[in-house]
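Residue numbers (the UniProt record's numbering): 1 to 87.
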């Protein structure tokens, strides 16, 4: 596969996503974490994952030959094989 795909899931298949403050708990935590500097998708997921109860366990799936490299990139940035592209 030439695409690098990562997928965040709010909970496991056998769980329900909890609701807080008018959003899902996962979405609320994502919004909070995005206001802080995050160095990679791995760091983003770890920050989101902190503080969930035993009833909900977020997921991070990844696909593609270079997905592990992709997970170390700065979230929501446009990068080439050599680094961040200039805009």
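Glycine included, C-beta positions come from ideal geometry on N, C-alpha and C.
Taking C-alpha positions only, residue 78 is separated from residue 13 by approximately 31 Å.
For residue 29, the closest alpha carbon among the candidates 48, 17, 42 is that of 48.
Counting the other Cβ atoms within 10 Å of the Cβ of residue 16 gives fewer than 16, which makes it exposed. Each residue's CA atom was taken as its position, placing residue 43 and residue 23 some 22 Å apart. The Cβ neighbour count for residue 45, taken over all protein chains shown within 10 Å, is at least 16; the residue is labelled buried.
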